[in-house]
Amino acid sequence: MVSFPEGTGTFGRVHLVKDKTAEHFFALKVMSIPEVIRLKQEQHVQNEKGILQEVTHPFVVQLFWTCHDDRFLYMLMEFVPGGELFTYLRNRGCFPSATGLFYTAEIVCAIEHLHAKGIVYRDLKPENILLDRDGHIKLTDFGFAKKLVDRFPPFFDDNPFGIYQKILAGKIDFPRHLDFGAKDLIRKLLVVDRTRRLGNMKNGAEDVKRHRWFRGVDWDAVPQRKLKPPIVPKLTGDGDTSNFETYPENEWDEAPPVSEKDLEIFKNF
Numbered sequence: 001m002v003s004f005p006e007g008t009g010t011f012g013r014v015h016l017v018k019d020k021t022a023e024h025f026f027a028l029k030v031m032s033i034p035e036v037i038r039l040k041q042e043q044h045v046q047n048e049k050g051i052l053q054e055v056t057h058p059f060v061v062q063l064f065w066t067c068h069d070d071r072f073l074y075m076l077m078e079f080v081p082g083g084e085l086f087t088y089l090r091n092r093g094c095f096p097s098a099t100g101l102f103y104t105a106e107i108v109c110a111i112e113h114l115h116a117k118g119i120v121y122r123d124l125k126p127e128n129i130l131l132d133r134d135g136h137i138k139l140t141d142f143g144f145a146k147k148l149v150d151r152f153p154p155f156f157d158d159n160p161f162g163i164y165q166k167i168l169a170g171k172i173d174f175p176r177h178l179d180f181g182a183k184d185l186i187r188k189l190l191v192v193d194r195t196r197r198l199g200n201m202k203n204g205a206e207d208v209k210r211h212r213w214f215r216g217v218d219w220d221a222v223p224q225r226k227l228k229p230p231i232v233p234k235l236t237g238d239g240d241t242s243n244f245e246t247y248p249e250n251e252w253d254e255a256p257p258v259s260e261k262d263l264e265i266f267k268n269f
C-alpha cells in the first residue's frame, strides 16, 4: 500500500486500493474528520466532492464514489500512476520549451473546460498535476506556483513579503534561456488589470490558444490526447507506485469516533 499526504495540513492520506473482483486499482483518499474540522477545511472537502462529481474531462482526475463513517471521509478516485509533474521538474531542474508547451496546452484545455462550468481552479502547481500511464496530465486537488520551463515561479523572493511586493509591482525577472514567446505569454497572463489580462477578455481561452507561443499546436488534437507526450512514466504494472514517495502511516486508526454533531456536517458526503 502506498500512502502519501493530502495537502499541507496533513488531514488526509491517499492509499492505493484494488477491486478484488474487477482487478482494477484505485486511489482512495482518506480524510480524518477531526483534523478536517480542526483545520477548518469542511467547505474545502465539500467543494472538491461537488466539483469532481460535476466534471468529466480527459485531463481531470475522475471521482467514482464518496462516503464516510464515524471517523473518516472517503473519496474513491482513479489511480494515476505516473506521479507528480513536480517530481519530473525537480529531477530535471527545468523543462525545454517544447516540453513546457505540451503540458501548458493540456492545462489550457482543462482550465477552459472548468471555466466553462463556472469553476475557478485556484491551486494550479506542478504538485497537483499528475501524469497518467501514457504521459498525459490529470489535474487533482481542486497559481502557477512554479513555471513549467524554469525552476522558479514568476515572482520569487526568499522573503514572503518580497514576493507580495513583486506581485503588486508586476515586474518579472525572466531567466535568460526562456524564449520570447513564453515570456510574452507569461507577461500577458499576469497583467494586473483584469480587463486587459489574456484569457479574461471577450474571447476567453481562445485568446490564449492564439498566442504566438502556441503556434503550430493542433487544438482539436489536444483534448483527444493525440499529441505525443514528452515524458512517459516508467511502470512495471497496473499497480506500480514507484513514481510516488511513500510516507509512514499515522495513528488515525486509534482515534475515537467523532460526535453526532460533527458527523452532521458531513451527512451528505
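Counting along the sequence shown from 1, when you hit position 77 you're at 77 in UniProt numbering, and nothing is skipped either side. Virtual Cβ for every residue (Gly too), placed ideally from N, Cα, C. Remember, it's a predicted structure, so these values are computed and weren't measured experimentally.
Please tell me whether F25 and G239 are closer than 8 Å, where the distance is taken between their beta carbons.
In the sequence shown, the residue the question calls residue 25 occupies position 25. In the sequence shown, the residue the question calls residue 239 occupies position 239. Contact flag set, yes.
Quick check on the burial criterion: 16 or more other C-beta atoms within 10 angstroms. Buried or exposed for R13?
Numbered from its first residue, the sequence shown carries residue 13 at position 13. Buried: at least 16 other Cβ atoms inside 10 Å.
Quick one: residues in its chain with C-beta nearer than 7 Å to the C-beta of V108, no 5 flanking neighbours on either side, listed in chain order?
Counting from one through the sequence shown, the residue named residue 108 turns up at place 108. Correct list, in chain order: A205, V208 and K209.
Under 8 Å, Cβ to Cβ, is there at least one residue of chain D near T195?
You won't find chain D in this structure, because it holds only one protein chain.
Name the two residues that bound the continuous beta strand (DSSP E) containing F180.
Within the sequence shown, the letter at position 180 stands for residue 180. Unbroken run through F180 is the alpha helix (DSSP H), F180 to L189; no beta strand (DSSP E).
Using only alpha-carbon positions, find the residue among R215, L131, L101 and V55 that is nearest to T241.
As a first step, residue 241 is located in the sequence shown; it is residue number 241 there, counting from the start. That would be L131, whose Cα lies nearest to the Cα of T241.
Compute the Euclidean distance between the alpha carbons of K147 and E112, then round it to the nearest angstrom.
Residue 147 sits at position 147 when you count from the first residue of the sequence shown. Residue 112 sits at position 112 when you count from the first residue of the sequence shown. Any answer about K147 is weak, because its pLDDT of 29 lies below 50 and its placement is not dependable; what the coordinates show is given next. The alpha-carbon atoms of K147 and E112 are separated by roughly 19 Å.
Among K40, G162, D70 and P230, which has the Cα closest to the Cα of P256?
Looking up residue 256 in the sequence shown gives position 256. Here the closest residue by C-alpha is D70.
Which of the three DSSP states, helix, strand or coil, is assigned to L76?
Locating residue 76 in the sequence shown gives position 76, counting from the first residue. In the structure shown, L76 sits in a strand (DSSP, three-state: E or B).
Return helix, strand or coil for F26, following the three-state DSSP convention.
For this step, residue 26 is matched to residue 26 along the sequence shown. In the structure shown, F26 sits in a strand (DSSP, three-state: E or B).
So, are the CB atoms of A182 and G100 less than 8 Å apart?
Taking the first residue of the sequence shown as position 1, residue 182 is located at position 182. Taking the first residue of the sequence shown as position 1, residue 100 is located at position 100. Taking 8 Å as the cut-off, the beta carbon of A182 is found closer than this to the beta carbon of G100.
Who does C67 pair with in a DSSP beta bridge?
Working through the sequence shown from its first residue, we reach residue 67 at position 67. DSSP, once it has assigned bridges, lists Y74 as partnering C67.
Can you list the alpha helix (DSSP H) stretches of 4 or more residues lying completely in the segment 72 to 136, in chain order?
85 to 92 and 97 to 116
What did DSSP end up calling K146 once you bin it into helix, strand or coil?
By 1-based counting over the sequence shown, the position of residue 146 is 146. Because K146 sits at a pLDDT of 28, beneath the cut-off of 50, its placement in the model cannot be relied upon, and the following sentence gives the value as read from the coordinates. DSSP places K146 in coil when its eight states are reduced to three.
Let's see if you can read the secondary structure: which residues bound the alpha helix (DSSP H) around R38?
On the sequence shown, residue 38 is found 38 positions in, with the first residue counted as 1. Counting along the chain, the alpha helix (DSSP H) containing R38 begins and ends at I33 to R38.
Would you decide whether V192 is buried or exposed? Buried here means 16 or more other CB atoms lie within 10 Å of its CB.
To locate residue 192, count along the sequence shown from 1; it is residue 192. Per the 10 Å Cβ criterion, exposed.
Nearest-angstrom Cα distance between I129 and K20?
Residue 129 sits at position 129 when you count from the first residue of the sequence shown. Residue 20 sits at position 20 when you count from the first residue of the sequence shown. The straight-line gap from Cα to Cα measures roughly 28 Å.
Would you list the one or two residues that DSSP bridges to V17?
In the sequence shown, residue 17 corresponds to position 17, counting from 1. The partner list for V17 (beta bridge, DSSP) reads F26.
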